[in-house]
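Inspection log for the structure reproduced underneath, given as structure tokens.
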Amino acid sequence: MRSRITVIILWLSYVSYSSNFSVSLRKQGVAVKGVLTCGEKRLANTLVRIVDLDFDPVLYVWHDCLDEMNPCLRKIKLEIPKKFIHDGNPNLSNWVDIGTINLEGSFASEKRECVN
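Structure (structure tokens):
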């Protein structure tokens, strides 16, 4: 049976400013699902995090696929389209399905980072 890694919904709170400069908090989130592999094997020892960069949701993945001997982890960045931001109650159409990503290859946004 193929193992699936589902990224749990991370709730992001955005601060929005109305025309009268009062600050209101609005709960928003992004839901991501998909499978991360290293070749034919499911990826182990992986850190996945959704962050908010200037109101643009981004999925970061830290991993050591084909890289166990090097210090720190490989880090990739996947931008999530704004149309998938939901109001805190996602339905099936609000989930971003990243499909199956084989992390053996390299990515344009890839970097190396030490994560504690």
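As numbered in mature numbering (1 follows the signal peptide of the UniProt record, and there is no 0), residues -18 to -1, 1 to 98 make up the sequence shown, in order.
Ideal Cβ positions, reconstructed from N, Cα and C, are used throughout, including at glycine.
All of these numbers come straight from a predicted model, not from anything done at the bench.
Thinking C-beta only, is Leu60 closer than 8 Å to His45?
-> no
Chain-order list of residues whose beta-carbon lies under 8 Å from that of Lys23 (same chain, five-residue window excluded) = Around Lys23: no qualifying Cβ.
Ile32 - containing beta strand (DSSP E), residue span = Its beta strand (DSSP E) spans residues Leu29 to Leu35.
Using alpha carbons as the reference points, say which of Val33, Asn27 and Phe89 lies closest to Lys64.
-> Val33
Check Asn71 in the structure and name its three-state DSSP category.
-> coil
Could you check the C-alpha separation between Ser88 and Ile58 for me, to the nearest Å?
-> Cα to Cα, Ser88 sits roughly 9 Å from Ile58.
For the candidate residues Glu86, Gly70 and Leu29, whose alpha-carbon lies nearest to that of Asp49?
-> Asp49 has its Cα closest to that of Glu86, out of Glu86, Gly70 and Leu29.
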